[in-house]
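Here the structure comes first, spelled out in structure tokens, and everything after it is commentary.
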Amino acid sequence: MEDYIRLYYNQQPQAKEMILEKSDQDIDLDNTFDLLDFTSSVIGKQYLYYRLKYPFNDYSRLAELEDQLQRMASDEPFRLVFEKEAKVLSHQDSSDLPYLIFSSHLKTLWYYKWIPCLQALLVIGVILSLFFHWGFVVLIALFGFHLYLHFHNKMVLDTYRKSLNSVITLYDFCSTIQKKAKGSMMENEQTIEAFNSLKQVRKKLSINQSLQLFTSSELYMLPWLLYELIKAFTLIEVGASRFIVREVNLKKDRIHTLFKAVGKADFLLSIVKLRRAEGCCVPELVDSVAQVDIKGLYHPVIENCVKNDFSPKGGAVLITGSNAAGKSTFLRSMALNNLLAGSIHTCFADSFACPLLITLAAMHHMDAISEGISHYQREVKDMVEIFNFSSHHPCLLLFDEPFNGTNSRERVAIAASVLEYFAKQSTRPFGGGPMIIVASHDFALLELLESSYKMYYFNEQVHPDGKLSFDYRLKVGKKVTRNALELIKIEGFPTEIVEKANQIYMEMEKDGFVE
């Protein structure tokens with residue numbers, strides 16, 4: 001995914017909880033974005049990504065979103081106009097607007113307030129040079145100083161050049177929509193006020209844009225140089241910049257209003273297009289984890305992904321099964337679709353009934369080399385953050401092989417204790433507890449958590465020729481199957497290794513070391 005798509009999200013002043021950021025990485029949201037993106041503009045892409053990273057997670061706001069989606073779906077004239085005209089905002093140059101919106105201020109240079117005085121001195125210098133020889137020296141000195149101010153101002157404003165030009169494009173696009181789709185959903189009191197207040201800004205930006213007539217290519221080198229010298233001598237461009245900086249600093253909130261209006265309209269249009277594809281549904285937001293009822297759940301990134309049903313009737317679920325059977329894929333499917341339910345009110349399933357939960361996934365733990373801590377320490381620190389966050393927010397907690405960074409006995413002891421704790425939290429009164437879904441190879445957890453967790457499993461089929469196949473179907477109950485030794489044989493490990501591994505396993509099982 002292109003970096004510019006993240007720009008609006010990255011510029012947000014509010015910091016996102018670190019544990020939520022890690023959860024997004026586990027879900028692999030960035031690689032899923034392309035499948036969800038049907039926007040027509042760069043602004044729409046940026047807004048869609050922001051909305052995925054900051055879900056609404058509010059029942060009333062999602063109800064309002066659904067009303068807006070229904071209105072967008074029924075307003076074909078507006079959709080056609082928007083898609084056609086949004087091409088002007090599809091160029092990557094429009095991606096720099098968030099820099100302008102969220103910068104504390106466009107830099108007001110110290111010499112801006114002295115521009116009228118300097119221009120007056122220039123006039124005096126010209127007059128003096130007509131009558132006195134030393135007047136010409138004064139004029140040359142003034143010109144040298146003006147030359148410095150001109151190119152210093154140009155250098156500073158070049159940082160925002162694309163952003164400022166994009167304000168013109170944004171304004172003109174909104175003007176076109178206002179004319180061709182009058183009364184559209186983009187029009188409300190706030191956007192109309194913002195549009196009207198930016199009229200003068202647009203004029204001043206156009207004047208500044210017209211001052212950039214020539215390029216520095218060889219063909220235009222001489223006229224460009226003469227033009228720049230005239231602008232430097234008169235300080236006309238610096239004077240125009242003075243007014244532009246002041247106006248933009250005063251009206252950045254209005255620019256942001258138009259940015260959000262265009263971004264949200266494109267965001268809604270993208271969801272409407274997504275819903276036309278087969279395999280999508282509108283989620284039903286229920287009150288309690290006991291009411292979770294999901295049919296035909298799948299992950300859109302996985303080609304020919306097997307759909308699964310999931311109705312646990314409780315807040316704590318343990319999924320066991322052999323390697324490569326589908327446990328991790330199911331967790332990612334749940335994580336992604338729960339996030340989409342709270343952000344775009346659309347899921348990849350036949351039906352999806354679930355409470356509004358914040359997704360917290362802990363499925364990948366890497367050694368934090370920069371922090372000087374191990375895989376296990378990283379996992380423990382992440383778990384502490386999950387404890388703290390989930391105690392104050394309704395969450396969907398997803399764990400894949402918890403505490404696998406330590407030895408098996410301590411892993412089982414810690415995992416069982418932690419999961420028992422979360423199971424109790426899931427029964428908090430008034431439906432405020434988390435829902436926990438755990439995938440694990442540790443069959444010892446089956447007995448330890450049998451009374452508090454609903455059991456599911458994935459398994460494989462062993463064929464007469466010794467090969468394995470998987471149906472990737474989630475099944476209710478518990479079943480102890482292992483296939484790690486069989487998989488290394490199938491994948492072509494040396495026979496000596498396979499035989500030795502089987503021998504060691506049999507000895508460990510005989511001595512009671514195998515769980």
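Oh and the sequence shown: position 43 is 43 in the UniProt record's numbering, straight run, nothing missing.
C-beta: ideal position from N, C-alpha, C; glycine also.
CA-to-CA, the gap between residue 62 and residue 102 works out to about 26 Å. Here residue 46 is buried: its Cβ has 16 or more other Cβ atoms, across all protein chains shown, within 10 Å. Taking the CA atoms as reference points, residue 114 sits about 33 Å from residue 172.
In summary, residue 155 is exposed, with fewer than 16 beta-carbon neighbours lying within 10 Å of its beta-carbon over all protein chains present.
Each of 112, 40 and 267 was checked against the Cα of residue 90, and the nearest Cα belongs to 40.
By the C-beta criterion, the segment 339-349 is judged not to be in contact with the segment 482-491, since fewer than 3 inter-stretch pairs fall below 8 Å. Secondary structure of residue 324 (DSSP, three-state): coil.
The continuous alpha helix (DSSP H) containing residue 257 extends over residues 236-276. 98 is the residue among 98, 178, 185 and 147 whose C-alpha sits nearest the C-alpha of residue 166. Between residue 489 and residue 498, the C-beta spacing is below 9 Å. Between residue 458 and residue 279, the CB-CB gap reaches or exceeds 9 Å.
Going by DSSP, residue 99 is part of the alpha helix (DSSP H) stretching over 97-102.
Counting C-beta atoms within 10 angstroms of its own C-beta, residue 248 has 16 or more neighbours from the protein chains shown and is therefore classed as buried. For the options 107, 391 and 315, the alpha carbon positioned closest to that of residue 160 is the one of 107.
The Cβ-Cβ distance between residue 170 and residue 94 falls below 9 Å. Closest in C-alpha terms to residue 1, from the list 70, 20, 455 and 29, comes 29. Per DSSP, the continuous alpha helix (DSSP H) segment holding residue 418 begins and ends at 408-425. Contact between residue 396 and residue 434 holds: their C-beta atoms lie close to 7 Å from each other, under 8 Å. DSSP places residue 90 in the coil class of the three-state scheme, outside both helix and strand. Between residue 266 and residue 82, the gap from beta carbon to beta carbon is short of 9 Å.
With respect to residue 23, residue 361 sits close: the two C-beta atoms are nearer than 9 Å.
For residue 435, the secondary structure class from DSSP, reduced to helix, strand or coil, is strand. DSSP, reduced to helix, strand and coil, places residue 344 outside both helices and strands of the structure shown, so it counts as coil.
Two segments are said to touch when three or more pairs of C-beta atoms, one from each, lie closer than 8 Å; by this definition the segment 324-332 does not touch the segment 374-384. Here residue 127 is exposed, its C-beta having fewer than 16 other C-beta atoms within 10 Å. Assignment of beta-bridge partners to residue 352 by DSSP yields 294. Per the coordinates, the alpha-carbon of residue 141 lies some 24 Å from the alpha-carbon of residue 223.
Counting other Cβ atoms within 10 Å of its Cβ, residue 117 stays below 16 and is therefore classed as exposed.
Excluding the 5 residues flanking it on each side, residue 143 has same chain C-beta neighbours closer than 7 Å at 233, in chain order. Judged by their CB atoms, residue 310 and residue 186 are not nearer to each other than the 9 Å cut-off. The Cβ-Cβ distance between residue 414 and residue 259 does not fall below 9 Å.
Residue state for residue 502 is assigned as helix, using DSSP reduced to three classes. By the neighbour-count criterion, in which 16 or more other beta carbons inside 10 Å mark a residue as buried, residue 447 falls on the exposed side.
For residue 308, the uninterrupted beta strand (DSSP E) segment begins and ends at 308-310. Separation of residue 123 and residue 195 (C-alpha to C-alpha, rounded to the nearest whole angstrom) is 39 Å. Out of 467, 225, 386 and 323, the CA that lies nearest to the CA of residue 17 is found in 386.
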